[in-house]
Structure formats: structure tokens, C-alpha cells
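Novice: Quick one: structure below, then a few questions.
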Amino acid sequence: MKKIITEENKIISAQFNRVLPVSFYGRDTRTVARELLGHVLVNKNYEGMTSGIIVETEAYLQNDPACHAARGMTKRNRAMFGPAGRAYIYLIYGMYYCFNVVTREQGIGEAVLIRALEPVGGIEIMKKRRGRDKLTELCSGPGRLVQAMGIDKGQNGQDLTGNGLFIGAAGECGHEIINTTRVGISEGKELPLRFYIAGNPYISKR
DNA sequence: GTCCTGATCCTCT
DNA sequence: GAGGATCAGGACG
1 MKKIITEENK IISAQFNRVL PVSFYGRDTR TVARELLGHV LVNKNYEGMT SGIIVETEAY
61 LQNDPACHAA RGMTKRNRAM FGPAGRAYIY LIYGMYYCFN VVTREQGIGE AVLIRALEPV
121 GGIEIMKKRR GRDKLTELCS GPGRLVQAMG IDKGQNGQDL TGNGLFIGAA GECGHEIINT
181 TRVGISEGKE LPLRFYIAGN PYISKR
């Protein structure tokens, strides 16, 4: 399993120009969360380009008590109600940012939280940003991957099909996907809305 | 205005 | 395994 993904890295690296279209995101949130696994998140800025394979996601649905959008639109969660394929970035615990991908049609507040990446490109930049050398400590958690990728709160609402921040399409990986319950929430934790690639060493623990 | 909470991570013990 | 760091948004008055 691990070998397949590592092999895939080289192929994916050459395929960054193929970007997932808006139609990919404008579907059922659980489907998007599951199908995002294996694709590649890319961020380009003045420091260079960083990228990683998405290995862990969580779906947040509109009628879900754990979802920020459950109580309607506010200034904070406005991006979740925007068009599909946009970024929703917010501050958590006063210190860390979480990166989400907006799904469904405009006006519906649903999104997919990206929880972990397998680092692929710009690893030296990631190490510098994180102050860590171990690959498994670069992107294994929502706050960590935002820091490693150099994602900024100013990118909240940004179109993920354009330049700079986007998700590149990877080929069929043939990986096994585990569907289980979410992490770090108090309500709605019984719902099986977390997805990750079986046996991947880069998923967040717990 | 004040208070409280939280989709986390890191550093200790 | 426990607790601290740190702050924007939301609830309330």
C-alpha cells in the first residue's frame, strides 16, 4: 500500500497542470471527501511551491451540529456558503488554522476538512516552516499542514481551480479507504464522516 | 461591552 | 496523559 503511493509521487509531480474542475467539488460532500484522497494539494507563493498527497479528510454537512454552518451563515463561515471549489480557512484555538474545501452548490454550507497530507514537493521549505525534520511531523494534522504549506488566512475564499492554491488530479491509486468517525469534536462524533488511506503513515493519529 | 468556547499542537511529566 | 498557549466569533446583557 505504501509503495503504491510512493511510486505515485513521481507521476503526480509531473501532473500538477491537471487541476480538479469545479464540477468535482459541486457534488455530495461525502463523495468529495472520499474522492479527494490521493489527489495533490499545491500552494505556490514567493517562498516556492509546496505540495502533498491528501491522505485524510473529514466531511462537514449543513445539518451537522459539528459544522460551523449548522447555525446559518456568519461573517466567519461565509466562504462555506460560496461556490464549490473555494477554500475555507479559519483560526482554531487561537493559534492554528484549518483548511477546508467548499462543496455543493452555492448557498449550501458544506465543506471537507483536509486533515493530513503526505509531503511531496518543497519538502525543505516545509521543514523550515515547521522547524521539524521528520516527514511524518510536517503535515500530519490540520494545523500542521496549513503551516507547512504556507497557507494564509488571506486565502480564505480563494478559488482552488486557479493559480497559486489548487488541487491537482492524480491517477487512479487503487488505495484502500477507511471510513470512520471524526476527530476532536463533541457533537456529531458518531457520524462516519472521516476518510483516510489505509496504512498510510502520514495520517493524524488518535 | 464581557465572557466562553473551540474541527489543535507542543512541551512537559 | 495532562495542561498551557492564544484569539476570533458568537452569545448574552
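Each residue of the first sequence is one higher than the one before, counting from 1 in my numbering.
We treat Cβ as the ideally placed atom computed from N, Cα and C, and that holds for glycine.
Values in this document were obtained by computation on a predicted structure and should not be read as measured data.
For glycine 38, which three-state DSSP category applies?
Specialist: coil
Novice: From the DSSP output, read off the bridge partner residues of glutamate 118.
Specialist: Ile53
Novice: How is the alpha helix (DSSP H) around leucine 145 delimited, first residue to last?
Specialist: Segment 142 to 149, the alpha helix (DSSP H) holding leucine 145.
Novice: Is alanine 66 near arginine 182, with beta carbons less than 8 Å apart?
Specialist: yes
Novice: With tyrosine 25 as the anchor, note down where its beta strand (DSSP E) starts and where it stops.
Specialist: Per DSSP, tyrosine 25 belongs to no beta strand (DSSP E); it is in the alpha helix (DSSP H), 22 to 25.
Novice: Could you name the residues of the same chain whose beta carbon sits closer than 6 Å to that of histidine 68, not counting the 5 residues immediately before and after it, in chain order?
Specialist: Asn77
Novice: Counting C-beta neighbours from all protein chains within 10 Å, is the total for isoleucine 12 16 or more, i.e. buried, or is it exposed?
Specialist: Its pLDDT being 46, under 50, isoleucine 12 is placed unreliably by the model, and the measurement read from it follows with that caveat. When all chains shown are included, isoleucine 12 counts as buried.
Novice: So is alanine 234 buried or exposed if we call it buried at 16+ other beta carbons inside 10 Å?
Specialist: One cannot answer for residue 234 here, as it falls past the ends of the chain, which runs 1 to 206.
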